[in-house]
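Participant: Heads up: the sequence lines are chains A and B, in that order.
Read in this note's numbering, the first sequence has 367 at position 367, and its numbers run on one by one without any break.
In this note's numbering, each number is its position in the second sequence, counted from 1, plus 1000.
Would you mind keeping the following structure in view while I ask a few things?
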Amino acid sequence: MNKLYILTLFAALLVTGSCKKDSDFLDVPPKQVIPEEVAFSDPALVLSVLGDLYNRQRDFSSLDGLEEEKPYITPAEPGWRTFADFNEAFPSEAGSYFIVQRSGWGYGEWAIWNYGYIRDLNLFIERATAATKLLDADKTRFIAEARFLRANYYFELVKRMGGVPLITNSQQYDYSGNVTNLQVARSKESEIYDFVIAEAEAVKGMLPADASQKSRATKGAALAMEARAALYAGSIAKYGASTPQVALPGNEVGIPSGMAPAYYTKALTAAEEIINGSAGGYQLYKILPDLADNFASIFLDKSSVNQESIFVEDFKVNSGKVHGFTTNNQPFSISDEGLDAGRLNPSLNLVESFEKLDNTYAPIATKDGAGNPIYYADQLDIFAGRDARLAGTVLLPNGLFKGKHVDIWAGYQLADGSILTSDDASRLKPLPGTNVDVQVVGKDGPINGQEFRTQSGFYIRKYLDPAVGSGRRGRQSDVAFIRYRYAEVLLNAAEAAFELGRTGTALGYINQVRARAGLTTPLTVLTFDRIVHERRVELVFEGHTLYDMKRWRLAHLVWDGASMTVSQLQTNIGSATKRNTQPFGLWPYKYYNPASPDNGKWLFKEVLPAAVTGASRFQFGNYYSTINNEVLSANPKIVKQPNQ
Amino acid sequence: MNKLKIHYIFLLALLTGVSACKKDNYEAPSSTLNGHIVYKGEEIGLEYNQVPVELYQPGFGKVGAIAGTFAQDGAYSTLLFDGNYKLIIPNGQGPFQWRQNAAGGRDTLSVTVKGNQTLDLEAVPYFLIRNAVYTVNARSVSATFRADQIITDASAKTIERINLYINKTQFVSAADNIAAAEIAAAAITNPAMINLSATVPAITPTQNYVFVRIGLKIAGVEDMIFSPLQKITL
């Protein structure tokens, strides 16, 4: 009886227990993954998804470095090194001397092909579009931001690779074993630019017109991207005619020259939309009385008074998103971190290209007409009377950083012509006729082969963070990287107007940028060389150099692989085709001759740092980076780049 | 029983040993394909490591090229497996014309590799530097030579400049030189009699010889064409 009772109870339990559906039992909501419908139901969650997409943007130069790029297997790059190439600077780190020792670039250099990112952007756009629980205003803005990021990445692709497959929806594989419907051929180069321009036009109205919004896409950012893209397309169309070799028959590379005026017109229209204030109150940064400090502050000031920066990659101390640019590049003797310092050394090539205040070009005067050295009482005197952007971009000998003067000098020049120096500032030597050991070389260099201190005679000032502790590895720096800023918009407008023959308009824009730098005598004649020069001095170390030289088809002329002499360095300054294949330095020496009135004064010598053994050579095959065999094998519709 | 077990173990060990004798890796390619790029038997001088030659073997998975480059004297050499290959010098490379296909692109050359073989490639250069004679006076090297235009039909190109390059090693080009001289196309009055001279700077460590070549840059063509390398004693 008892047994029967137990059995019945057991059976009953079994039956009731099994009443729960199997699917309920197996279907446990995941705890680590937020499902799509949940993620797209709350604006805060959508924003965090979008935040990841913002973080994955690709810039040419990046303060916190570049991640490894697949499928290209381009190794990860430290932040400072992404600014170091093209002979605008010397890399003072033994592991990076290859930049000045190689005789050119590989065809695969600068290649990117991150269609995984594009797929994620496409998925985001599709899911946000399908979301039902978001407010319409939020939804519109999120979608517009993702479309902006997608267009910006296609712009980055087309600059490096030319026409690429244009994929604007998330492709699905149907498991049929046949993938031909997923293989997309390369678009024409012009079609990708058209896509970028059209997307910018489409989303600009959906984005806020707010100049204080800088790290999220705004109307200003969309228009700035549009102006730059249209300008690039216009110049490739115009100047591509001079290099017919750099083209493919299907126009995947190369834009027909007839399309140039239409692109320039679009560039000018988009830039003027920002200039006339319809995207928010952007203007040039003119806050500090000292023009050089003012120029440096554009990159440091993140407060609302900075209405120049339009779209930035922002950083924040103690948040985890910080960068070591200041740690890597701070002057050696002012370093917060011992040996971690001084890597990026601007070259004399760049320094001498900053013009004098009367709008003329001149080499840095080291010798008088008779060939005798000129003696200067203060090291800074030799750079006096130049464009304020020089001291704003470059930390000059005896310049100030964090309240201290940098100590840059290569040794004593003695009366008999010989030089007294040593291989470290702590190694003291007596001057002739004395027996007291004194310091005979600067604490900040230059000494050939001594890494982490300048070997060119200059340090970088752009982005160098004067905040306390910015040079420590533990704290690092949160100076923002500016992707688009108002001065570039003005220069884009000036170039587009110039190419359209509207020189008066162009002069109006370019003179605004120049006046801010202290060049108050306005230009009255505008030439192509002037535009090339102005972009170089205003936008150096902002990731423009390569793309500008490419779109003007100047790269193979400027970097022609021939080594340089000092006399070549000092002539033709301001010419767009001036050779720039090796980074020179300018080394200060202290004159020691107690009998002379010039005793204790400074003289300077042009020096090619000993590590510079190569000369940059840009070949036709470098204009568009290789599409590698992985991609070519996976998709036979893709045509190879020309000249490779 | 116990004895039997030991037997089995021995047998198993022996079998494993025997079967493991077979190597599990592939043989390396062993057939050499080499030769020069020539014009009617005459050397076409190139810059070291600049003009590529690509071999494709269709039918094996991925489509990448087996890439090599020509040496200074136009020599190339590759190690291959026996089989059928297609050889091409990519578009826009080299200071010469290569056989064209009907579409106007460069044509491939079918190559069957079976054992070692030498295959000279025939191309037509736009120009050739001939009869280079070098004279040395102290440390000054002067060269006299002829620049012969080989292609004179509609596809002819013009000279951009001619350079004399001197280096202390046998790699002599625009990228590798210790002394150079240049003459622009406009300054050439008689292409059959061109003079260039350059002074050799002091070399450390001291050596009493240098290598010289003359390079000709063709307008619109990236690669220069060079005269044969010559070692001269100072």
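Every residue, glycine too, gets a C-beta built ideally from N, C-alpha and C.
What number of angstroms, rounded off, separates the C-alpha of valine 1210/B from the C-alpha of lysine 1168/B?
Facilitator: As a first step, residue 1210/B must be located in the second sequence, where it is residue number 210. As a first step, residue 1168/B must be located in the second sequence, where it is residue number 168. Whole-angstrom Cα-Cα distance: 5 Å.
Participant: Buried or exposed: where does asparagine 1116/B fall if 16 or more other Cβ atoms within 10 Å of its Cβ makes it buried?
Facilitator: Here residue 1116/B refers to the residue found at position 116 when the second sequence is read from its first residue. By the 10 Å Cβ count, asparagine 1116/B comes out exposed.
Participant: If I measure Cβ to Cβ from glutamine 644/A and keep anything under 7 Å in the same chain, skipping five residues before and after, which residues do I get?
Facilitator: By one-based count along the first sequence, residue 644/A stands at place 644. Correct list, in chain order: Tyr107, Gly621, Thr626.
Participant: Does the count of Cβ pairs from the region 519-530 of chain A and the region 585-598 of chain A closer than 8 Å reach three?
Facilitator: Output reads no: the region 585-598 of chain A does not touch the region 519-530 of chain A.
Participant: Compute the distance between the beta-carbons of leucine 1121/B and glycine 1035/B, then report whether it is under 8 Å.
Facilitator: Here residue 1121/B refers to the residue found at position 121 when the second sequence is read from its first residue. Here residue 1035/B refers to the residue found at position 35 when the second sequence is read from its first residue. Their beta carbons are under 8 Å apart, which means leucine 1121/B touches glycine 1035/B by this criterion.
Participant: Would tryptophan 105/A pass as a contact of phenylalanine 618/A if the rule is Cβ separation under 8 Å?
Facilitator: Translated into the one-based positions of the first sequence, residue 105/A becomes position 105. Translated into the one-based positions of the first sequence, residue 618/A becomes position 618. Contact flag set, yes.
Participant: Arginine 1106/B by DSSP, collapsed to three states: which one?
Facilitator: To locate residue 1106/B, count along the second sequence from 1; it is residue 106. If DSSP states are grouped into helix, strand and coil, arginine 1106/B belongs with the strands.
Participant: In chain order, what residues of the region 1055-1073 of chain B put their CB closer than 7 Å to some CB of chain A?
Facilitator: The region 1055-1073 of chain B vs chain A, Cβ under 7 Å: Lys1062, Val1063, Gly1064.
Participant: So, with DSSP's three-state summary, where would you put methionine 404/A?
Facilitator: If you number the first sequence from 1, residue 404/A lands on position 404. One point to set straight first is that residue 404/A is lysine, not methionine, in the sequence displayed. In the structure shown, lysine 404/A sits in a strand (DSSP, three-state: E or B).
Participant: Here's the rule I'm using: 16 or more other beta-carbon atoms within 10 Å means buried, otherwise exposed. How should asparagine 1208/B be labelled?
Facilitator: For this step, residue 1208/B is matched to residue 208 along the second sequence. That one is exposed.
Participant: In chain order, what residues of the same chain have a beta carbon less than 7 Å from the beta carbon of valine 540/A, not counting five sequence neighbours either side?
Facilitator: Here residue 540/A refers to the residue found at position 540 when the first sequence is read from its first residue. Result list for valine 540/A: Glu88, Leu350, Thr393, in chain order.
Participant: Less than 8 Å between the C-beta atoms of glutamine 439/A and alanine 425/A, yes or no?
Facilitator: Start at 1 with the first residue of the first sequence, and residue 439/A comes out as number 439. Start at 1 with the first residue of the first sequence, and residue 425/A comes out as number 425. Yes.
Participant: Is it the case that the region 1181-1195 of chain B contacts the region 1097-1112 of chain B, given that we only count it when at least three CB pairs across the two stretches are under 8 Å?
Facilitator: No: the two stretches stay apart, fewer than three of their Cβ pairs being nearer than 8 Å.
Participant: Could I get the ranges of all uninterrupted alpha helix (DSSP H) runs contained in the region 97-158 of chain A, with 4 residues as the minimum, in chain order?
Facilitator: Here the runs fully enclosed are 98-101, 115-130.
Participant: What's the C-alpha gap between alanine 341/A and tyrosine 97/A?
Facilitator: Indexing the first sequence from 1 puts residue 341/A at position 341. Indexing the first sequence from 1 puts residue 97/A at position 97. Spanning the two alpha carbons is a distance of roughly 16 Å.
Participant: With H, G and I counted as helix, E and B as strand and the rest as coil, what does DSSP make of leucine 66/A?
Facilitator: The residue you call residue 66/A lines up with position 66 of the first sequence. Three-state DSSP puts leucine 66/A in a strand.
Participant: Between which two residues does the alpha helix (DSSP H) holding isoleucine 274/A run?
Facilitator: For the purposes of this step, residue 274/A is taken as residue 274 along the first sequence, with counting starting at 1. Note, isoleucine 274/A: alpha helix (DSSP H), 260-275.
Participant: Given a cut-off of 8 Å on the beta-carbon distance, is the pair phenylalanine 90/A and glycine 543/A in contact?
Facilitator: Counted from its first residue, the first sequence places residue 90/A at position 90. Counted from its first residue, the first sequence places residue 543/A at position 543. Cβ distance not < 8 Å, so phenylalanine 90/A and glycine 543/A don't count as in contact.
Participant: The alpha helix (DSSP H) that contains alanine 1181/B, what's its start and end?
Facilitator: As a first step, residue 1181/B must be located in the second sequence, where it is residue number 181. Taken as a continuous stretch (DSSP letters only), alanine 1181/B belongs to no alpha helix (DSSP H), being part of the beta strand (DSSP E) at 1179-1184.
Participant: Given that a residue counts as buried once 16 or more other Cβ atoms are within 10 Å of its Cβ, and exposed if not, what is lysine 31/A?
Facilitator: Taking the first residue of the first sequence as position 1, residue 31/A is located at position 31. So lysine 31/A counts as exposed.
Participant: Name the chain A residues that come within less than 8 Å of alanine 1192/B, Cβ to Cβ?
Facilitator: By 1-based counting over the second sequence, the position of residue 1192/B is 192. Result: empty, since nearest Cβ-Cβ is about 27 Å, beyond 8 Å.
Participant: Check each candidate in Gly1220/B, Gln1057/B, Leu1234/B, Gln1072/B and name the one with the smallest Cα separation from alanine 241/A.
Facilitator: For the purposes of this step, residue 241/A is taken as the residue at position 241 of the first sequence. That would be Gly1220/B, whose Cα lies nearest to the Cα of alanine 241/A.
Participant: What is the C-beta distance between isoleucine 112/A and alanine 146/A, in whole angstroms, given that I count them as a contact (C-beta under 8 Å)?
Facilitator: For this step, residue 112/A is matched to residue 112 along the first sequence. For this step, residue 146/A is matched to residue 146 along the first sequence. About 19 Å separates the two Cβ atoms, so there is no contact after all.
Participant: When the Cα of leucine 339/A is compared with those of Asn345/A, Ser347/A, Asn329/A, Leu348/A, which residue comes out closest?
Facilitator: The residue you call residue 339/A lines up with position 339 of the first sequence. Closest by alpha carbon: Asn329/A.
Participant: Kindly indicate which three-state DSSP category serine 1140/B falls into: helix, strand or coil?
Facilitator: Here residue 1140/B refers to the residue found at position 140 of the second sequence. Correct three-state label for serine 1140/B: strand.
Participant: Which ranges would you report for the beta strand (DSSP E) in the region 480-506 of chain A if only whole runs of at least 3 residues count?
Facilitator: Taking only runs of at least 3 residues, the beta strand (DSSP E) segments lying wholly in the region 480-506 of chain A are 481-485.
Participant: I want to see whether chain B comes within less than 8 Å of phenylalanine 401/A, judged by CB atoms only; does it?
Facilitator: For the purposes of this step, residue 401/A is taken as residue 401 along the first sequence, with counting starting at 1. So, not an interface residue.
Participant: In the region 621-636 of chain A, which residues sit with their C-beta less than 7 Å from some C-beta in chain B, listed in chain order?
Facilitator: Going along the region 621-636 of chain A in chain order, one finds Asn629, Leu632, Ser633 with a Cβ nearer than 7 Å to chain B.
Participant: Return the chain-ordered list of same chain residues with a C-beta closer than 6 Å to the C-beta of tyrosine 509/A, the five sequence neighbours on each side being excluded.
Facilitator: Stepping through the first sequence from its first residue, residue 509/A is reached at position 509. So the list reads Leu490, Ala493, Ala494, once near-sequence residues are dropped.
Participant: I need the straight-line Cα distance from aspartate 478/A to proline 1125/B, nearest angstrom please.
Facilitator: Counted from its first residue, the first sequence places residue 478/A at position 478. Counted from its first residue, the second sequence places residue 1125/B at position 125. Between aspartate 478/A and proline 1125/B, the C-alpha separation is close to 57 Å.
Participant: Might you give, ordered along the chain, the residues of its own chain that have their beta carbon closer than 6 Å to the beta carbon of tyrosine 1076/B, omitting 5 neighbours on each side?
Facilitator: Residue numbering aside, residue 1076/B sits at position 76 when the second sequence is read from its first letter. These residues qualify, in order along the chain: Val1053, Gly1068, Phe1070.
Participant: Quick check: the Cα distance between valine 436/A and arginine 343/A, rounded to an integer number of angstroms?
Facilitator: Position 436 of the first sequence, counting from 1, holds the residue named residue 436/A. Position 343 of the first sequence, counting from 1, holds the residue named residue 343/A. Distance between the alpha carbons of valine 436/A and arginine 343/A is about 33 Å.
Participant: State the beta-bridge partners of isoleucine 602/A as determined by DSSP.
Facilitator: Looking up residue 602/A in the first sequence gives position 602. Contrary to the premise, residue 602/A reads as tryptophan rather than isoleucine in this sequence. Partner(s): Tyr376/A, Lys590/A.
Participant: Is there a Cβ of chain B sitting closer than 8 Å to that of arginine 617/A, yes or no?
Facilitator: The sequence position of residue 617/A within the first sequence is 617, counting from 1. Closer than 8 Å to some Cβ of chain B, the Cβ of arginine 617/A qualifies, so yes.
Participant: By the 10 Å Cβ neighbour count, where 16 or more other Cβ atoms means buried, how is leucine 1015/B classified, buried or exposed?
Facilitator: Here residue 1015/B corresponds to residue number 15 of the second sequence, with the count starting at 1. So leucine 1015/B ends up on the exposed side.
Participant: Which residues of chain A have a Cβ atom closer than 8 Å to the Cβ of asparagine 1091/B, listed in chain order?
Facilitator: Taking the second sequence and counting its residues from 1, the one referred to as residue 1091/B is at position 91. Those are Pro642, Asn643, listed as they occur along chain A.
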